[in-house]
Amino acid sequence: MIVCKFGGSCTANKTALENIKQLKNENLERTVFVFSAIGKENTFDEKLTDLLISLCNEPANSASYNQTKTKIISKLKKLSKDTSVSFDVEKEFSIAEAHYQISKDKNFLISRGEYFTTQIMSQFLNLAFVPAEELVFFKSGIVDKQKTQYALESALNNNRRFATCGFYGKDENDSIQLFSRGGGDFSGALIAKCLNASLYENWTDVNGVYDINPLIAKGNLIKHLSYDQLEIMTSMDAKVIHPDCAKLLSSSNTVLNIRSCFDLSQTGTVVDFKANPKLKFVCFKINCDSAQILIHDKNQTKTITTDKNSFTKNIKTAYQTLISKTKI
Ligand code: ASP
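Listed below in structure tokens is the structure:
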């Protein structure tokens, strides 16, 4: 069984949308479809989640509030147009807005990005829509794994295939609780683990994981690595996948495949339980007053700490100098 999760950029692009449909039709093993809120169509665009967060921070009915609301509505309308799904965006959004104005529950309003995106996508893909409030549960601020697993198994018994929202769940007081930013990845990993999926496909806008941060140099795609190796990367702020996924999946039976939804001919990066002994990668992390560069080679890891200002002034040169002096 395959759980697939689609990042926000996949629902912001027409080609990727058609690819999602193809992926659903070509492999019946793809069972659970998890969606993030609509992302950026281009670098100047804004993510639906960012717009919803702004809306929560603006005075109700101010000019800026109305401007942000217009952007939210037009993003949702674009998805409904691109998918030819009839969805009354204005009506649905005003119901959510009215609820928010009474409850003042920011998490609720922010989570509507995933909720509406998944509602539209489930109609486009002709899949049952099972919202995250019926599947992912929190207790005392952390995921209630038992309740979540039970709810997921029931959803699977009731629906052969279904679509659900990433990024949030419901707590013991029936309030919405969000994961941290980028948490749709974590929802997908959690669902894959709870359902004992053989594969978790994380569909995104890049071809997979690269061996070097693109700010330093043009790198090579990593075909295979282990969860431990991925955890080292994400602990260094590598924006590959949500940092909590590697640990969660390392204690599962699920293999992870990070792939591009824009080019289905690319097979992406496979992450499993066996370390790739030949793997070499470099990542860096900027802290308050220092910069850290990590080199992983032949299953060994070395970290160099350097002055933040000189490192950030010219990352490429600073990196070359440090690397030439370092032996692993
Ligand atoms: N929509 C949320 C965010 O922008 C979660 C996600 O995309 O995974 O952070």
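Numbers in my numbering are just positions in the sequence shown, counted from 1, shifted up by 15. Think of the CB as a built atom: it goes at the ideal place given N, C-alpha and C, for glycine as much as any other residue.
Asked	Found
Check: Thr64 C-beta below 6 Å from any heavy atom of the ligand ASP	yes
Range of the contiguous alpha helix (DSSP H) that encloses Gly199	Gly199 to Cys209
Residues near Leu67 by beta carbon distance below 8 Å, same chain, minus five either side	Ala52, Ile87, Leu124, Ile125, Arg127 and Gly128
Per-residue DSSP class, three states only, for Gly22	coil
Residues bridged to Leu271 (per DSSP)	Tyr215 and Val286
Three-pair Cβ contact test at 8 Å for the segment 46-61 versus the segment 20-36	yes
heavy atom of the ligand ASP below 6 Å from Ser69 C-beta	no
Start-to-end residues for the alpha helix (DSSP H) that takes in His239	Note, His239: premise wrong, no alpha helix (DSSP H); beta strand (DSSP E) at His239 to Ser241.
Whole-angstrom distance between Cys276 and Leu140, CA atom to CA atom	15 Å
Check: Ser51 C-beta below 6 Å from any heavy atom of the ligand ASP	yes
Short Cβ contact (7 Å threshold) for Cys209 with Gln164	yes
Opposing strand residues paired with Phe153 [DSSP bridges]	Val158
Contacts around Ser305, its chain only, beta-carbon distance under 6 Å, and the 5 residues preceding and following it disregarded	Thr320 and Lys323
Own chain, CB closer than 7 Å to Thr133, minus 5 neighbours either side, in chain order	Phe50, Phe144, Ala178, Thr179 and Cys180
Delimiting residues of the alpha helix (DSSP H) encompassing Gly128	Lys121 to Leu140
Three-state class that DSSP yields for Gln164 in the structure shown	helix
Straight-line gap, Asn122 to Leu63 (C-alpha atoms, nearest Å)	14 Å
Of the listed residues Phe326, Lys331 and Gln37, nearest to Cys303 (C-alpha basis)	Phe326
Where Phe59 falls: helix, strand or coil (DSSP)	coil
Span separating the alpha-carbon of Ile227 from that of Ala290	18 Å
Length of the line joining the Cα atoms of Ile256 and Ile330	23 Å
Cβ contact (3+ pairs, closer than 8 Å) linking the segment 259-273 and the segment 230-246	yes
Cut-off 7 Å between Cβ atoms - residues of its own chain near Asp159, not counting five sequence neighbours on either side	Phe152 and Phe153
Ordered list of alpha helix (DSSP H) runs contained in the segment 224-261, each at least 4 residues	242-250
Within 7 Å, strictly: CB atoms of Ala170 and Thr269	no
Distance cut-off 6 Å: Gly203 Cβ against heavy atoms of the ligand ASP	no
Reduced DSSP category for Gln37 - H, G, I as helix; E, B as strand; rest coil	helix
Alpha carbon of Asn272 to alpha carbon of Ser202, nearest angstrom	15 Å
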